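A.B. asks:
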Amino acid sequence: MRHSVRLAVAAALAACLTATLVAVPADQAVAAGSKLADDFNGDGYRDLAIGMPGKTISGKEGGGAVLLTFGSAQGLTGKHVYITQNSTGIPGTGGYQDFFGSSVASGDLDRDGYADLLVDSEGDASGNGSVTVLWGGTSPVRARVAGEVAHGDVGAEHARGIRRS
Numbered sequence: 000m001r002h003s004v005r006l007a008v009a010a011a012l013a014a015c016l017t018a019t020l021v022a023v024p025a026d027q028a029v030a031a032g033s034k035l036a037d038d039f040n041g042d043g044y045r046d047l048a049i050g051m052p053g054k055t056i057s058g059k060e061g062g063g064a065v066l067l068t069f070g071s072a073q074g075l076t077g078k079h080v081y082i083t084q085n086s087t088g089i090p091g092t093g094g095y096q097d098f099f100g101s102s103v104a105s106g107d108l109d110r111d112g113y114a115d116l117l118v119d120s121e122g123d124a125s126g127n128g129s130v131t132v133l134w135g136g137t138s139p140v141r142a143r144v145a146g147e148v149a150h151g152d153v154g155a156e157h158a159r160g161i162r163r164s
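Printed below as a string of C-alpha cells:
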C-alpha cells in the first residue's frame, strides 16, 4: 500500500507539472527536443529507466539504484547511466534501506523538450521518503538535480515551485 501511494504521488507530481505526456513509437522519433515522455537525452528515441530499490550500494543493503538505458532506432543500446544517491549531483547519501528507485515516473516537467525522471526513495532517512527530480538534457542527470520533496509535502502548490538548481 505504501509503495502504491508513493508511486501515485510521483505520478501526480508529473501530471501537475506536465500538461500532456506524448507517447510516440520509436519509428516516429525526431531530433533533439523530442516530445517522448521517456527520451531523457533528446535524441528522439525512447529510453528506459529501471528502479532497483533492493540493490546493495557501498555495503548498504537496500540503498537502491536506477539504471537508465538509452534507446536508438534499433531499440535499447549498451549505453547506460547507473544512478545512486552516492552519484555526483544526487542530493543526500545512500543509506541502509533507503530504497532509492522504489518507483520512477517521467515526463517533460520543465517543458524543455527533454524527459525528466522522478525517482522515489521510499525509506529515505527523513522517515517520510523523498522524490528526487533528475532533469533530462544532452547529458541527462549529470549534476542537474533539482532536489528532494518530502512525500508529506507533495501537492500542486509545491510541484509548481520545483525549479532547476
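Numbering follows numbering that gives the first Met the number 0, with no gaps: position 82 of the sequence shown is 81.
For every residue, glycine included, the Cβ atom is placed at its ideal position computed from N, Cα and C.
None of these values were measured; they are calculated from a predicted model.
(1) By Cβ distance, which residues of its chain are closer than 7 Å to glycine 100, with the 5 residues on each side in sequence left out?
(2) Measure the C-alpha to C-alpha separation of threonine 131 and serine 120 and round it to an integer number of angstroms.
(3) Please report how far the alpha carbon of alanine 36 lies from the alpha carbon of leucine 133, in whole angstroms.
(4) Return the bridge partner residues of tyrosine 81 from the DSSP annotation.
(5) Rounded C-beta distance between glutamate 60 and glutamine 84? I'm assuming under 8 Å.
(6) Evaluate arginine 110 with the Cβ neighbour count: other Cβ atoms within 10 Å of its Cβ, from every protein chain shown; 16 or more gives buried, anything less gives exposed.
(7) Would you check whether the ligand ADP has a heavy atom nearer than 8 Å to the C-beta of proline 139?
(8) Return the first residue and the last residue of the beta strand (DSSP E) that threonine 131 is part of.
(9) Measure the alpha-carbon distance for alanine 72 versus arginine 45 and round it to whole angstroms.
(10) What does a CB cutoff of less than 6 Å around glycine 91 pick up in its chain, not counting 5 residues either side in sequence?
(11) Grouping DSSP H, G and I as helix and E and B as strand, with all else coil, what is phenylalanine 99?
(12) In angstroms with no decimal places, state the Cα-to-Cα distance between arginine 141 and valine 80.
(13) Only counting the same chain, and skipping five residues up and downstream in sequence, which positions put a Cβ closer than 6 Å to that of tyrosine 113?
(14) With a threshold of 6 Å on Cβ separation, who are the neighbours of lysine 54 within its own chain once the five nearest residues in sequence on each side are excluded?
(15) Can you tell which of Thr68, Phe69 and Gly93 has its C-alpha closest to the C-alpha of serine 57?
(16) Please report the straight-line C-alpha distance between glycine 70 and alanine 104, rounded to a whole angstrom.
C.D. replies: This is what the structure gives:
(1) Numbered from 1 along the sequence shown, position 101 holds the residue referred to as residue 100. Taken in chain order, the residues that qualify are Gly50, Met51, Pro52, Gly63, Ala64, Val65 and Val118.
(2) As a working mapping, residue 131 is identified with position 132 in the sequence shown. As a working mapping, residue 120 is identified with position 121 in the sequence shown. When rounded, the distance between both Cα atoms is 8 Å.
(3) Residue numbering aside, residue 36 sits at position 37 when the sequence shown is read from its first letter. Residue numbering aside, residue 133 sits at position 134 when the sequence shown is read from its first letter. Approximately 13 Å between the Cα atoms of the pair.
(4) Here residue 81 refers to the residue found at position 82 when the sequence shown is read from its first residue. BP columns for tyrosine 81 point to Leu66.
(5) Counting from 1 along the sequence shown, the entry for residue 60 is found at position 61. Counting from 1 along the sequence shown, the entry for residue 84 is found at position 85. That pair is no contact at about 14 Å.
(6) Translated into positions along the sequence shown, residue 110 becomes position 111. Burial call: exposed.
(7) Annotation note on the ligand ADP: not contained in the displayed structure, which lists no ligands.
(8) Within the sequence shown, the letter at position 132 stands for residue 131. Segment 129 to 133, the beta strand (DSSP E) holding threonine 131.
(9) Counting from 1 along the sequence shown, the entry for residue 72 is found at position 73. Counting from 1 along the sequence shown, the entry for residue 45 is found at position 46. Answer to the nearest angstrom: the Cα atoms are 9 Å apart.
(10) For the purposes of this step, residue 91 is identified with residue 92 of the sequence shown, where counting begins at 1. The residues are Gln84.
(11) Residue numbering aside, residue 99 sits at position 100 when the sequence shown is read from its first letter. Phenylalanine 99 falls in the strand class under three-state DSSP.
(12) Working through the sequence shown from its first residue, we reach residue 141 at position 142. Working through the sequence shown from its first residue, we reach residue 80 at position 81. Reliability fails at arginine 141, whose pLDDT of 49 lies under 50, so the model's placement of it is uncertain and no value is given.
(13) Taking the first residue of the sequence shown as position 1, residue 113 is located at position 114. Counting only Cβ-Cβ distances below 6 Å, and skipping sequence neighbours, we find Gly41, Gly135 and Gly136.
(14) Within the sequence shown, the letter at position 55 stands for residue 54. Excluding residues within five positions, the ones whose Cβ falls inside 6 Å are Gly63 and Ala64.
(15) Taking the sequence shown and counting its residues from 1, the one referred to as residue 57 is at position 58. For serine 57, the nearest C-alpha among the options comes from Gly93.
(16) Mapped onto the sequence shown, residue 70 falls at position 71. Mapped onto the sequence shown, residue 104 falls at position 105. Distance between the alpha carbons of glycine 70 and alanine 104: 17 Å.
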